[in-house]
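Order-wise, the sequence lines are chains A and B. Under the working numbering, the first residue of the first sequence carries the number 18, and numbering increases by one thereafter. Under the working numbering, the first residue of the second sequence carries the number 18, and numbering increases by one thereafter. Where a beta carbon is used, it is the ideal one built from N, C-alpha and C, also for glycine. Bear in mind that the values here come from a model prediction, so they are computed numbers and not experimental data.
There are 2 protein chains.
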Amino acid sequence: MRLCGWVLRSKTIGRVVIVEVSGGDVRPYVLVGKQDLNPELYNTLSTLPLGSAVCFEGEPAREQKSKRGTEFEVKSIKVYAEPIEPLPVELVGKVPSLLETRIKYRWLLLRNPVEKAIFRVRQSIVQAAREYLVNNGFMEIHTPKIVAAGAEGGATLFKVQYFEREAYLSQSPQLYKQILISSIPRVFEITPYFRAEKFNTVRHLNESWGIDVEQGFIESMEDVMNTLENLVAYIINYVRDKNKEELETLDVELPRVTTPFKRLKFEEAVDILRSNGVEVPEGEDLSDQAERELGKIMSEKGNDLYFIVGFPWQSTGFYYMREEDGHHTRKFDLDFRGLEIASGGQREHRYDKLVEALRLKGLDPANFSFYLEAFKYGMPPHGGFGLGIERLMMQMLGLNNIREAVLFVRDRTRLVP
Amino acid sequence: MRLCGWVLRSKTIGRVVIVEVSGGDVRPYVLVGKQDLNPELYNTLSTLPLGSAVCFEGEPAREQKSKRGTEFEVKSIKVYAEPIEPLPVELVGKVPSLLETRIKYRWLLLRNPVEKAIFRVRQSIVQAAREYLVNNGFMEIHTPKIVAAGAEGGATLFKVQYFEREAYLSQSPQLYKQILISSIPRVFEITPYFRAEKFNTVRHLNESWGIDVEQGFIESMEDVMNTLENLVAYIINYVRDKNKEELETLDVELPRVTTPFKRLKFEEAVDILRSNGVEVPEGEDLSDQAERELGKIMSEKGNDLYFIVGFPWQSTGFYYMREEDGHHTRKFDLDFRGLEIASGGQREHRYDKLVEALRLKGLDPANFSFYLEAFKYGMPPHGGFGLGIERLMMQMLGLNNIREAVLFVRDRTRLVP
């Protein structure tokens with residue numbers, strides 16, 4: 018077989034040279050050259066400059082002695098490129114502790130098994146999600162990212178100059194996936210989200226990716242929560258089974274997830290927090306701080322993953338269905354150890370109520386005419402959610418900063434690389 | 018089993034009522050109610066308003082008499098929503114001939130088997146592509162869509178206000194996928210492309226989707242062309258095998274594709290065109306018109322899919338590798354019956370030559386510093402391509418306008434829905 022990668026580390030012990038090559042797999046290929054057996058190969062391996070791009074022909078060694086990676090019996094090796102400057106960062110061992118360095122040199126640090134493992138898990142998350150959704154009858158769609166109006170109002174929209182007109186970047190496929198529920202019973206999209214939030218925290222990105230799902234013909238919000246909890250369990254258990262080497266490299270133990278997840282009413286969450294001495298101002302959404310505290314309390318009770326349901330209407334988007342009491346909505350969050358990783362709920366599918374909701378939220382129904390139109394022709398009860406890929410990764414892998422979960426960071430100050 | 022959808026058509030013949038329901042499958046579910054056998058069901062089915070959203074419990078009938086879809090023995094049926102206004106478009110039979118209507122009401126027309134078939138094929142294309150690429154060692158990535166500089170210069174960039182700074186929407190992941198080849202041997206992304214081209218033709222969109230691939234450690238441009246032709250053959254044969262009902266509904270016959278595809282040098286293409294009386298101005302790229310003519314000539318020779326290779330340097334992006342003659346490049350197009358569906362080639366991976374190429378193209382290397390940096394540390398020879406999903410769909414399904422291949426159209430004038 019032919020394998021390719023970059024010389025990560027090289028060591029000569031007497032008449033034996035050991036070269037580690039970082040390729041497509043998370044663990045390096047380990048090439049061993051013995052002067053006595055093959056002097057030519059020994060010489061080539063001994064003189065490979067650090068960081069060179071090489072391919073070799075070989076087979077996995079019968080005896081696997083190295084713990085660092087898979088050992089190969091090498092037949093031939095060829096150099097494709099050599100560094101023209103010394104490597105600007107160390108690529109073996111621990112990844113740099115300075116976040117700035119990690120973000121700047123991510124494209125190079127990916128040669129490090131730790132950095133690479135993170136993004137191989139990311140790929141698995143996306144694969145697992147698609148597998149689960151397609152197997153459950155969801156159709157994959159692509160909706161526009163340049164839009165005329167945002168689902169959540171103007172404050173967090175990035176402006177785009179679209180020829181003569183002013184347009185925006187899509188905050189989420191919310192409006193589009195909903196109108197498709199007037200003709201396709203179940204849809205999903207793997208999509209970038211663009212949010213001009215000015216936060217500069219460890220849990221916010223201005224360009225992030227999500228798994229966005231919408232499901233029609235539901236009986237209640239529970240149907241949507243079932244889909245979400247089963248999806249998340251499927252993803253985590255998939256990574257647990259298929260990414261053993263990655264998890265080992267990252268020193269992460271991922272317990273098998275079972276469903277159902279605990280459901281906590283919003284008021285219950287507030288009560289739990291208050292009885293644990295956390296202040297929660299009346300009529301407000303939970304702060305990041307309160308979410309974290311709740312996470313600790315829930316984890317102690319054995320609930321790493323739990324829903325918070327029935328958010329008050331004043332803190333939600335216009336499209337969530339309100340309960341009869343006019344105060345509660347069918348909106349839920351899914352929290353993972355104190356971090357909201359998904360948000361969703363049952364939508365208002367009744368035309369009149371939807372127009373009323375827009376007005377109550379101070380939005381002009383005229384700006385949503387194509388969206389409203391779709392509610393006139395047999396729009397079934399429906400609901401859905403957006404699951405943040407980077408946030409899920411943070412909690413699965415114990416990353417300290419969401420910027421570790423994305424190849425190229427877009428935040429309050431970063432536009433390059 | 019429980020199935021859901023919308024009442025598409027209903028017909029009563031004496032004591033038998035036949036209702037077609039458009040659900041998740043391309044062909045409708047056919048529900049038959051006989052007054053003599055089950056008067057209650059007969060009554061319910063007879064009075065279902067057109068366009069209603071319904072779910073039913075039932076099993077496929079032992080005897081399948083209907084040619085329209087799959088017949089079901091219905092145990093129970095429930096109405097989830099009814100239209101509050103008459104349907105604005107006809108949802109059975111042929112799709113509306115007016116493109117404007119199709120674009121405006123796509124979210125509703127998807128109840129029509131013809132419209133739905135198109136987007137089920139689209140889903141299959143994306144699934145097949147991922148399957149092929151993952152099985153061949155390509156890692157799925159997500160690169161930023163908000164960028165500081167475009168791969169192809171400023172003329173076709175949409176401007177975005179990114180907080181205090183001016184930024185752009187990504188024309189393609191070109192620069193990002195390339196720099197990742199300094200640490201991951203093979204990558205791909207399914208991604209939106211944003212191009213502010215002012216064309217208003219049947220083959221251009223301003224927001225489109227593509228399958229973007231980059232491959233390191235290549236011996237020549239041929240390695241990249243092999244990946245592309247095998248990918249396209251895999252996709253087409255996958256749809257041919259898995260979407261028989263969709264193809265039948267669309268009245269499309271898709272011949273099995275075999276590789277390799279014919280390779281045509283750019284000069285050969287020009288010669289063929291000229292000897293067939295088509296004018297091709299010296300030193301220019303092929304016009305859309307010339308491409309179409311060439312398509313006809315090639316199809317007559319049995320080549321529906323063919324490469325054009327070695328485009329002249331003056332008409333290509335700065336990142337293509339130039340041949341020693343300084344005139345030809347290792348850029349290719351893949352054409353499908355006269356339409357360019359993919360474009361790619363071998364890249365310049367040598368730092369000095371790349372800086373020179375930027376200067377020759379009148380671009381300032383300072384604007385590409387993060388990109389150039391990645392070429393200093395063992396960048397192997399590499400190449401890749403972008404394959405346009407909508408253009409591939411057009412040619413596979415014989416669509417007349419690229420706007421038929423995308424759920425929501427973004428073109429020179431359309432920003433809604």
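Write down the C-beta distance between residue i and residue j rounded to the nearest angstrom, noting that I regard them as a contact closer than 8 Å.
{"i": "valine 440 (chain B)", "j": "glycine 415 (chain B)", "result": "The structure shown does not extend to residue 440 (chain B), since chain B spans only 18 to 434, so no value can be given for it."}
{"i": "valine 256 (chain A)", "j": "isoleucine 101 (chain A)", "result": "No, valine 256 (chain A) and isoleucine 101 (chain A) are not in contact; Cβ-Cβ is about 38 Å, not under 8 Å."}
{"i": "methionine 411 (chain B)", "j": "leucine 356 (chain B)", "result": "7 Å"}
{"i": "isoleucine 228 (chain A)", "j": "phenylalanine 211 (chain A)", "result": "Not a contact, Cβ separation roughly 16 Å."}
{"i": "isoleucine 163 (chain B)", "j": "valine 177 (chain B)", "result": "6 Å"}
{"i": "leucine 125 (chain B)", "j": "serine 386 (chain A)", "result": "Going by Cβ atoms, the distance from leucine 125 (chain B) to serine 386 (chain A) rounds to 14 Å, so no, they are not a contact pair."}
{"i": "glutamate 132 (chain B)", "j": "glycine 86 (chain B)", "result": "Going by Cβ atoms, the distance from glutamate 132 (chain B) to glycine 86 (chain B) rounds to 15 Å, so no, they are not a contact pair."}
With respect to the alpha helix (DSSP H) encompassing residue i, which residues constitute its N-terminal and C-terminal limits?
{"i": "glutamine 17 (chain B)", "result": "As shown, chain B starts at 18 and ends at 434. That puts residue 17 (chain B) outside it, with no answer to give."}
{"i": "lysine 121 (chain B)", "result": "116-121"}
{"i": "lysine 215 (chain B)", "result": "First-last for lysine 215 (chain B): undefined, no H or E at that position."}
{"i": "valine 36 (chain A)", "result": "Element bounds for valine 36 (chain A): not the alpha helix (DSSP H) but the beta strand (DSSP E), 33-39."}
{"i": "glutamate 285 (chain B)", "result": "283-292"}
{"i": "isoleucine 135 (chain A)", "result": "130-152"}
{"i": "lysine 261 (chain B)", "result": "261-267"}
Could you list which residues in chain A have their beta carbon closer than 7 Å to that of residue i, in chain order?
{"i": "arginine 427 (chain B)", "result": "Pro161 and Ile163"}
{"i": "leucine 424 (chain B)", "result": "Ile158, His159 and Thr160"}
{"i": "arginine 128 (chain B)", "result": "Ser200"}
{"i": "serine 387 (chain B)", "result": "Here residue 387 (chain B) is phenylalanine; the residue named in the question, serine, does not match the sequence. Ordered by position in chain A, the residues that pass the 7 Å Cβ test against phenylalanine 387 (chain B) are Val433 and Pro434."}
In chain A, which residues lie with their C-beta within 8 Å of the C-beta of residue i?
{"i": "phenylalanine 73 (chain B)", "result": "Those within 8 Å of phenylalanine 73 (chain B) in chain A number zero; the least Cβ separation is about 11 Å."}
{"i": "phenylalanine 234 (chain B)", "result": "Cys21, Ala70, Cys72 and Tyr97"}
{"i": "phenylalanine 211 (chain B)", "result": "Lys162 and Ile163"}
{"i": "glutamine 331 (chain B)", "result": "None at all; the shortest Cβ gap to chain A is about 28 Å."}
Comparing the CB of residue i with every heavy atom of the ligand MG, is any distance shorter than 7 Å?
{"i": "lysine 378 (chain B)", "result": "Looking at this structure, you won't find the ligand MG or any other ligand, since it has none at all."}
Mind pulling the chain B residues with CB within less than 8 Å of residue i?
{"i": "phenylalanine 175 (chain A)", "result": "Ile163, Val177, Gln178 and Tyr179"}
{"i": "tryptophan 226 (chain A)", "result": "His159"}
{"i": "glutamine 306 (chain A)", "result": "Those do not exist, as glutamine 306 (chain A) stays about 25 Å from chain B at its closest Cβ, beyond 8 Å."}
{"i": "leucine 432 (chain A)", "result": "Ile163, Val164, Ala165, Tyr179, Arg182 and Ala184"}
So the beta strand (DSSP E) residue i belongs to, where does it begin and stop?
{"i": "glutamine 232 (chain B)", "result": "224-233"}
{"i": "isoleucine 314 (chain A)", "result": "Run containing isoleucine 314 (chain A): none in the beta strand (DSSP E); it sits in the alpha helix (DSSP H), 305-317."}
{"i": "serine 237 (chain A)", "result": "From DSSP, serine 237 (chain A) is part of no beta strand (DSSP E); its letter is neither H nor E."}
{"i": "phenylalanine 324 (chain B)", "result": "322-326"}
{"i": "glycine 22 (chain A)", "result": "19-30"}
Would you mind telling me which residues of chain B sit closer than 7 Å to residue i, beta carbon to beta carbon, in chain order?
{"i": "glycine 319 (chain A)", "result": "Ordered by position in chain B, no residue passes the 7 Å Cβ test against glycine 319 (chain A), which lies about 34 Å from the chain."}
By the criterion of Cβ-Cβ separation under 9 Å, what are the contact partners of residue i in chain A?
{"i": "leucine 125 (chain B)", "result": "Ile196, Ser199, Ser200, Glu390, Ala391 and Tyr394"}
{"i": "glutamine 81 (chain B)", "result": "Those within 9 Å of glutamine 81 (chain B) in chain A number zero; the least Cβ separation is about 21 Å."}
Chain A contacts from the region 390-412 of chain B (Cβ-Cβ distance under 7 Å): Ala391, Lys393, Tyr394, Gly395, Met396, Pro397 and Pro398
Would you list, in chain order, the members of the region 184-205 of chain B that have their beta-carbon closer than 8 Å to a beta-carbon of chain A? Ala184, Leu186, Tyr193, Ile196, Leu197, Ser199, Ser200, Ile201, Pro202 and Arg203
Counting only Cβ-Cβ distances shorter than 7 Å, please list the residues of the region 97-123 of chain A near chain B, keeping chain order. Tyr97, Ala98, Glu99, Pro100, Ile101, Glu102 and Leu104
Contained beta strand (DSSP E) runs [length at least 3] in the region 42-103 of chain B, N- to C-terminal order: 46-51, 70-77 and 87-98
Any chance you could list the alpha helix (DSSP H) runs of at least 4 consecutive residues sitting entirely within the region 328-408 of chain A, in chain order? 368-377 and 386-390
What residues in the region 360-385 of chain B have a beta carbon less than 8 Å from any beta carbon of chain A? His366 and Tyr368
Closer than 8 Å, Cβ to Cβ, to anything on chain B: give me those residues from the region 35-46 of chain A, in chain order. Ser39, Gly40 and Gly41
Residues of the region 143-157 of chain B in Cβ contact with chain A at a cutoff of 8 Å, in chain order, please. Val143, Gln144, Arg147, Val151, Gly154, Met156 and Glu157
Uninterrupted alpha helix (DSSP H) stretches inside the region 182-214 of chain B (no shorter than 4 residues): 191-197
Of all the residues that make up the region 49-64 of chain B, which are near chain A by a beta-carbon distance shorter than 8 Å? none
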